[in-house]
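Trainee: One structure, as structure tokens, below. Some questions next.
2 protein chains.
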Amino acid sequence: MNQQQYVDQLASNVQRAARSLRSLNSAVRDQVLRRVATLLREKTPEILSANVLDLQQAASLGLSKAMVDRLTLNESRIADMATGVEEIASFPDPLQHVLESRTMSNGAQLERISTPIGTVLFIYESRPNVTIDGGALCFKSGNAVILRGGKESLASSAILAQIFQSALVEAGIDPAAVQLVDTPDREVVRLLLQRNDALDLVIPRGGESLIRAVVEQSKVPVIKHYKGVCHIFVDKTADLQKAGPLLINAKVQRPSACNAMETLLLHRELGSESIQNILRLLVQNGVELHGCEESCRLEPSVRPIENTDEYHTEYLDLRLSVKILSGVQEAVDHIEKYSSKHTESILAEAKEVQEYFLANVDSSSVMVNASTRLADGGVYGLGAEVGISTDKLHARGPMGVESLTTYKWILRGNGQVRK
Amino acid sequence: MNQQQYVDQLASNVQRAARSLRSLNSAVRDQVLRRVATLLREKTPEILSANVLDLQQAASLGLSKAMVDRLTLNESRIADMATGVEEIASFPDPLQHVLESRTMSNGAQLERISTPIGTVLFIYESRPNVTIDGGALCFKSGNAVILRGGKESLASSAILAQIFQSALVEAGIDPAAVQLVDTPDREVVRLLLQRNDALDLVIPRGGESLIRAVVEQSKVPVIKHYKGVCHIFVDKTADLQKAGPLLINAKVQRPSACNAMETLLLHRELGSESIQNILRLLVQNGVELHGCEESCRLEPSVRPIENTDEYHTEYLDLRLSVKILSGVQEAVDHIEKYSSKHTESILAEAKEVQEYFLANVDSSSVMVNASTRLADGGVYGLGAEVGISTDKLHARGPMGVESLTTYKWILRGNGQVRK
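These protein sequences, in sequence, are chains A and B. With this note's numbering, the residue at position 97 of the first sequence is 97, and numbering never jumps. In this note's numbering, each residue's number is its place in the second sequence (first place is 1) plus 1000.
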């Protein structure tokens, strides 16, 4: 079978499976997910053996320590996967919600109800647990999915996909509802991304270069998240008692997260002493500062930013850009230019300053007196998290499993025609 | 100025304008729209003169009669444009709606509110009125728009865009909120479609080939509507008293509409006589039938369908495909294969047959005992109509002006951090 035939088969299988999922009720779907969790626990030794194959190969591929860590499974990580699937099963059904309903003037009944999108291609990198997580999120929402993991995790992903498929088969469901691309061939991905006849949605999860490559090639709509260059602006009216712990939380608690603060904007009228206190507090907490000339003068450990393009940087690390500026308008201008439109926050007590910021910052989450780290599906109460979208269409910001649904209009009449 | 510089200027202008629209309230936006209507009425002679230039050129371009008709403006069409803009002004503001609101367990207040998408590229063909309609829909929803009409309507579109811009300038608003591409150069469109850094959305309006070309080239998300191959299935349990007028309405009332019936599926167990009556009624109403072998035997005027690919045809004309089949399951299979997923209807009295159809047909509108012609934003009560989407993401089916909005999450706290 050549690549084109392989892709044709994946595509025709996923369409057939999506069709069969339309009439499946949520009790059956949740039961399958719980069975997946049980099988994950039962088959832990087999999963670990498969993972050893990937890890052995990792050495020969020369993977970085961080990548090997992401690839590594152990009993506790497998137990977390199982719990995660059970949690997804426990969330409310996102399908069959009546989103609108009315009796039309002609007497017909019009409803708009949530339905599965249909077919999804999930592309991810080294973490094999996405095989289960992506599969579970799609199946929960009635979508059939093609999973494409990284080549370094192929053996681990393969056994995880098999486990998912055995739970499907036991329940009499087409196993093609969760298919894994079982070849590392990149041409297969390129061909799949052309198939907007068969695929409704692509979700890439991983680094910016993966996501850019998918967007570049895809004819299928993509929901994506490039990066989080999140800003906090400390206004002169900020309550500095709150500011300290909040800024530390935003930068230090988990610097590798996309919702961590990457740039701190400071109102000049806070005064030298307050600005110095803020910068020193960050330094004391292990943060390496990169700042404008003015900030370098106030705190000698700040490294000068030579090129303003550096303000685009997503450090994902204990490093932070700093800029001192003239107030909320300049802060909004800076954000407009450098933000990735993920999450921005203002620390200010003055109402009109808060409202100017909320109205004029065009990011998926805009906050007042809160840590950017709060931008999260779990914290927002969305249930199972699909990701955080920096797009504006379909879904924006933290996405619950509803982002994997669409809707259809249902009109029930008794002979109505167009006048 | 070369093409790249021209596109750079359009892109930077539209971004600047979008930003300035964020803080504009709906009273101001509606007032501008009403002023556009007044100016259209006042400047009718100038609009007609510009249109004459296009019509003179149309002869040399060798345009078809239908295209010349679409291009032609007269007093009544200009009056309709003005009324249309006033109607858009009269609809509720789609912005600043609180879509969700809750107090989080940490005490912060979380809201999801509707906001403009930002920047839109509207691409259309010969009808110059789309310059006003597209401009008004985008401006109503707080979006800045680049309008790109057909080359044959350039003079008419130019004066219409100028009128819109004078209303903007009078109100102190950046006229780049409604820009017209004033060159027929196709390279400009190609370059614009690469600019996903500056443009949030493309809406192509026109024939299938225009839309396919846009999708093929665009890195910017597209909301589109390829075609409407709408089906009606007449089950053996259908009320044939209702069926006759309904089928005539669906096919004959406006055959050029995308929601007109293109294929009629008939349950074999209706029996020869009922099937013959239905087919004859259509023929008596001027419909040319193209059908399966069985339908040809029952009604001699039916032309045989030689190749099943013909069932993909969107006639947009008084022609209709006909197929006789074994029941609702085969009907759903046929629809799955040949439908454009726009609108399908079943005529049936049996509840379980209706429900099977509703659950298993995956189209933007699915109807019971109603004419497909009802799939329309106005009929659905959506207010100003942006179009009908056959996509599944963001908006599906008839789209109101809300389809030109997105949302942002607003979190108001008093020092909350991530635990």
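Every residue, glycine too, gets a C-beta built ideally from N, C-alpha and C.
Taking a Cβ distance cut-off of 9 Å, strictly less, list which residues of the stretch 1211-1230 of chain B are near chain A, in chain order.
Mentor: 1215, 1216, 1219, 1221, 1222, 1223
Trainee: May I ask you to report which of helix, strand or coil DSSP gives residue 382/A?
Mentor: In the first sequence, the residue the question calls residue 382/A occupies position 382. DSSP places residue 382/A in coil when its eight states are reduced to three.
Trainee: Around the C-beta of residue 1351/B, are 16 or more other C-beta atoms found within 10 angstroms, so that it is buried, or is it exposed?
Mentor: Start at 1 with the first residue of the second sequence, and residue 1351/B comes out as number 351. Exposed, by the Cβ-count rule.
Trainee: Would you check if the distance between the CB atom of residue 1368/B and the CB atom of residue 1346/B is smaller than 7 Å?
Mentor: Counting from one through the second sequence, the residue named residue 1368/B turns up at place 368. Counting from one through the second sequence, the residue named residue 1346/B turns up at place 346. Contact: yes.
Trainee: Taking Cβ-Cβ distances shorter than 8 Å, what residues in chain B pair up with residue 102/A?
Mentor: Within the first sequence, residue 102/A is the residue found at index 102, counting from 1. What residue 102/A touches in chain B: 1381.
Trainee: Could you tell me if residue 1/A is buried or exposed, where buried requires 16 or more neighbouring beta carbons within 10 angstroms of its beta carbon?
Mentor: In the first sequence, counting from the first residue as 1, residue 1/A sits at position 1. Residue 1/A is exposed by the Cβ-count criterion.
Trainee: Is the beta carbon of residue 217/A sitting closer than 7 Å to the one on residue 193/A?
Mentor: Here residue 217/A corresponds to residue number 217 of the first sequence, with the count starting at 1. Here residue 193/A corresponds to residue number 193 of the first sequence, with the count starting at 1. Closer than 7 Å, so yes.
Trainee: Please give me, in chain order, every unbroken run of the alpha helix (DSSP H) with length at least 4 that falls completely inside the stretch 1184-1248 of chain B.
Mentor: 1186-1192, 1208-1217
Trainee: Between 244/A, 78/A, 400/A, 196/A, which lies nearest to residue 137/A when the distance is taken from Cα to Cα?
Mentor: Against the first sequence, residue 137/A aligns to sequence position 137. Minimum Cα distance to residue 137/A is reached at 400/A.
Trainee: State the DSSP-derived secondary structure class of residue 263/A, mapped to helix, strand or coil.
Mentor: If you number the first sequence from 1, residue 263/A lands on position 263. If DSSP states are grouped into helix, strand and coil, residue 263/A belongs with the strands.
Trainee: Taking just the CA atoms, how far does residue 386/A sit from residue 1410/B?
Mentor: Residue mapping note: residue 1410/B aligns to position 410 of the second sequence, counting from 1. Residue mapping note: residue 386/A aligns to position 386 of the first sequence, counting from 1. C-alpha separation (whole angstroms): 20 Å.
Trainee: On the three-pair Cβ rule with 8 Å, is the stretch 1249-1260 of chain B touching the stretch 1288-1300 of chain B?
Mentor: no
Trainee: Step through the CB atoms of chain B and report whether any lies within less than 7 Å of the CB of residue 367/A.
Mentor: Along the first sequence, read from residue 1 onward, the residue named residue 367/A stands at position 367. Chain B has a Cβ within less than 7 Å of the Cβ of residue 367/A.
Trainee: Residue 373/A: buried (16+ other C-beta within 10 angstroms of its C-beta) or exposed?
Mentor: By one-based count along the first sequence, residue 373/A stands at place 373. With a threshold of 16 other beta carbon atoms within 10 Å, residue 373/A meets it and is buried.
Trainee: The beta strand (DSSP E) spanning residue 407/A covers which residue range?
Mentor: As a working note, residue 407/A is residue 407 in the first sequence. First-last of the beta strand (DSSP E) with residue 407/A: 405-416.
Trainee: Please give me, in chain order, every unbroken run of the beta strand (DSSP E) with length at least 3 that falls completely inside the stretch 343-367 of chain A.
Mentor: 343-347
Trainee: Quick one: is residue 417/A near chain B, going by C-beta distance under 7 Å?
Mentor: One-based indexing of the first sequence puts residue 417/A at position 417. With 7 Å as the cut-off, residue 417/A counts as an interface residue toward chain B.
Trainee: Under a CB-based cut-off of 7 Å, is residue 407/A close to chain B?
Mentor: Within the first sequence, residue 407/A is the residue found at index 407, counting from 1. Closer than 7 Å: yes.
Trainee: Is the CB of residue 277/A under 7 Å away from at least one CB in chain B?
Mentor: Within the first sequence, the letter at position 277 stands for residue 277/A. It does not; no Cβ of chain B falls within 7 Å.
Trainee: Does residue 1169/B pass the burial test, meaning 16 or more other C-beta atoms within 10 Å, or should it be called exposed?
Mentor: Along the second sequence, one-based indexing puts residue 1169/B at 169. Answer is exposed; the Cβ neighbour count stays below 16.
Trainee: Counting contacts by CB-CB distance shorter than 7 Å, is residue 286/A in contact with chain B?
Mentor: Stepping through the first sequence from its first residue, residue 286/A is reached at position 286. No, no contact with chain B.
Trainee: Taking the alpha carbon of residue 424/A as the point to measure from, which residue in 270/A, 124/A, 268/A, 153/A has its own alpha carbon closest?
Mentor: No information on residue 424/A is available, as it lies outside the stretch 1 to 419 that chain A covers here.
Trainee: Tell me, to the nearest whole angstrom, how far the beta carbon of residue 215/A is from that of residue 1245/B; I am working on the premise that it is less than 8 Å.
Mentor: Residue numbering aside, residue 215/A sits at position 215 when the first sequence is read from its first letter. Residue numbering aside, residue 1245/B sits at position 245 when the second sequence is read from its first letter. That belief does not hold up - the Cβ atoms of residue 215/A and residue 1245/B are roughly 49 Å apart, past 8 Å.
Trainee: Out of curiosity, what's the CA-to-CA distance linking residue 1023/B and residue 46/A?
Mentor: As a working mapping, residue 1023/B is identified with position 23 in the second sequence. As a working mapping, residue 46/A is identified with position 46 in the first sequence. Roughly 59 Å between the two C-alpha positions.
Trainee: Please go through the same chain and pick out, in chain order, the residues whose beta-carbon is closer than 7 Å to the beta-carbon of residue 1014/B, but skip the five residues on each side of it.
Mentor: Reading the second sequence from its first residue, position 14 is the one you call residue 1014/B. Excluding positions up to five away in sequence, the list reads 1119, 1144, 1146, 1176, 1179, 1198.
Trainee: For residue 35/A, count the other beta carbons within 10 Å of its own beta carbon; 16 or more makes it buried, fewer makes it exposed. Which is it?
Mentor: For the purposes of this step, residue 35/A is taken as residue 35 along the first sequence, with counting starting at 1. By the 10 Å Cβ count, residue 35/A comes out buried.
Trainee: Mind reading off the beta-carbon distance from residue 153/A to residue 71/A? Whole number of angstroms is fine, and I expect it under 8 Å.
Mentor: Taking the first residue of the first sequence as 1, we reach residue 153/A at position 153. Taking the first residue of the first sequence as 1, we reach residue 71/A at position 71. By a beta-carbon distance limit of 8 Å, residue 153/A contacts residue 71/A. Their separation comes to about 6 Å.
Trainee: Would you list the residues sitting across from residue 1304/B in a DSSP beta bridge?
Mentor: Within the second sequence, numbered from 1, the residue matching residue 1304/B stands at position 304. Per DSSP, 1291/B.
Trainee: Could you tell me if residue 1376/B is buried or exposed, where buried requires 16 or more neighbouring beta carbons within 10 angstroms of its beta carbon?
Mentor: Here the question's residue 1376/B lines up with position 376 in the second sequence. The residue is buried, with at least 16 neighbouring Cβ atoms inside 10 Å.
Trainee: So, is residue 1115/B buried or exposed, given that buried needs 16 or more other C-beta atoms within 10 angstroms?
Mentor: Translated into the one-based positions of the second sequence, residue 1115/B becomes position 115. Buried, since its Cβ has 16 or more Cβ neighbours within 10 Å.
Trainee: Span of the beta strand (DSSP E) holding residue 109/A?
Mentor: Translated into the one-based positions of the first sequence, residue 109/A becomes position 109. Per DSSP, residue 109/A belongs to the beta strand (DSSP E) from 109-116.
Trainee: Establish whether the CB of residue 1022/B and some CB of chain A are separated by less than 7 Å.
Mentor: Counting from 1 along the second sequence, the entry for residue 1022/B is found at position 22. With 7 Å as the cut-off, residue 1022/B counts as an interface residue toward chain A.
Trainee: Could you work out which residues of chain A lie near residue 1245/B, taking near to mean beta carbons separated by less than 9 Å?
Mentor: Reading the second sequence from its first residue, position 245 is the one you call residue 1245/B. Residues of chain A with a Cβ closer than 9 Å to the Cβ of residue 1245/B are, in chain order, 415, 417.
Trainee: Just the C-alpha distance for residue 9/A and residue 1324/B, rounded to the nearest angstrom, thanks.
Mentor: Counted from its first residue, the first sequence places residue 9/A at position 9. Counted from its first residue, the second sequence places residue 1324/B at position 324. Using only the alpha carbons, I get a separation of about 31 Å.
Trainee: Tell me whether residue 1338/B sits in a helix, a strand or coil according to DSSP, three-state version.
Mentor: Locating residue 1338/B in the second sequence gives position 338, where the first residue counts as 1. DSSP places residue 1338/B in helix when its eight states are reduced to three.
Trainee: Are the beta-carbon atoms belonging to residue 1081/B and residue 1025/B less than 7 Å from one another?
Mentor: For the purposes of this step, residue 1081/B is identified with residue 81 of the second sequence, where counting begins at 1. For the purposes of this step, residue 1025/B is identified with residue 25 of the second sequence, where counting begins at 1. Not in contact: residue 1081/B and residue 1025/B (Cβ atoms no closer than 7 Å).
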